[in-house]
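> First the structure, then my questions, so here it is.
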Amino acid sequence: MTSSAAAGLFGPATLSAPGQLLLLPMIAAAADGPKCNLHSHSELARKVICDPAIRASVRQLFGGGYQLWRTNFFERQAGIAHPGVGWHHDKHFQDGDLPVDFAEAGDHISIVIALNKIDHSNGSFQYIPGSFGATISGCGRDSRPYHQRPAADHFLQLSEAVAAQAVLLPIPAGHFCLFHSALLHGSIASDGAAARTSMVGRLVRNHCAIPAASATAADVIPFC
Ligand SMILES: O=C(O)CCC(=O)C(=O)O
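This is the structure in structure tokens:
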């Protein structure tokens, strides 16, 4: 396990109920329209993201008092090459319209779950250890909340020195990782040799206002 407070990432750790994952990629693939926030209308999606092992780890590491405001899926299909997911962070807001405070760590937590094994064959998850803070050498921090900046600004061009610190993190099927949402992460390109799906979730502490542009009332559920 990579668990380290300095790295800003915990895991991979096993889910309590990995068996129920078998059906989820099919449900996600069959969903009409966007798969964003499937947890608000699929009981199975809700059960997977609220797995007791994830809740227990969040409580143990960060104390509790969180709500879930976003889930989504990242898919790769067999036989189709994929360019990978560019470097970004998930701290889409701090508290309503306030600027994002990168010195604050703990109010925003991200979850990534491997519904299938995720590795070099199908687009490994990668991250820059320790990159959740206010300063990252050679790489500025844009404090505008996501809903106040152009979508194209979401993906970042890292300096060579920062990109050289990237760590590839294979995640076995039925395992999850937790990380500070401001951590720089993404996933590598894949040539279509194998399919895979990750389910991701974003938590925010109960005292943080969730911008209306980011979630509807139905999307937001108590977490732990
Ligand atoms: O699973 C992936 O490919 C990337 C996941 C990711 O970028 C995220 O959790 O924001």
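Each residue of the sequence shown is one higher than the one before, counting from 18 in this note's numbering. Note that beta-carbon positions come from the ideal geometry of N, C-alpha and C, so glycine has one too.
(1) Can His202 be considered in contact with ligand 1, in the sense that its beta carbon sits closer than 7 Å to one or more heavy atoms?
(2) Give the DSSP bridge partners of Asn89, in chain order.
(3) Could you tell me whether the Cβ atoms of Ile227 and Gln182 are closer together than 8 Å?
(4) Within the present structure, is the beta-carbon of Ser154 separated from the nearest heavy atom of ligand 1 by less than 7 Å?
(5) Using only CA atoms, which one of Asp114, Ser57, Gly150 lies nearest to Ala122?
(6) Mind checking Ala232: buried by the 16 CB within 10 Å criterion, or exposed?
(7) Between which two residues does the beta strand (DSSP E) holding Ala131 run?
(8) Do Leu185 and His137 have their C-beta atoms within less than 8 Å of each other?
(9) Starting from the C-beta of Asp112, find all residues in its chain whose C-beta is less than 7 Å away, skip the five residues before and the five after it, and write them out in chain order.
By the coordinates alone:
(1) yes
(2) Val217
(3) no
(4) no
(5) Gly150
(6) buried
(7) 125-131
(8) yes
(9) Cys225, Ala226
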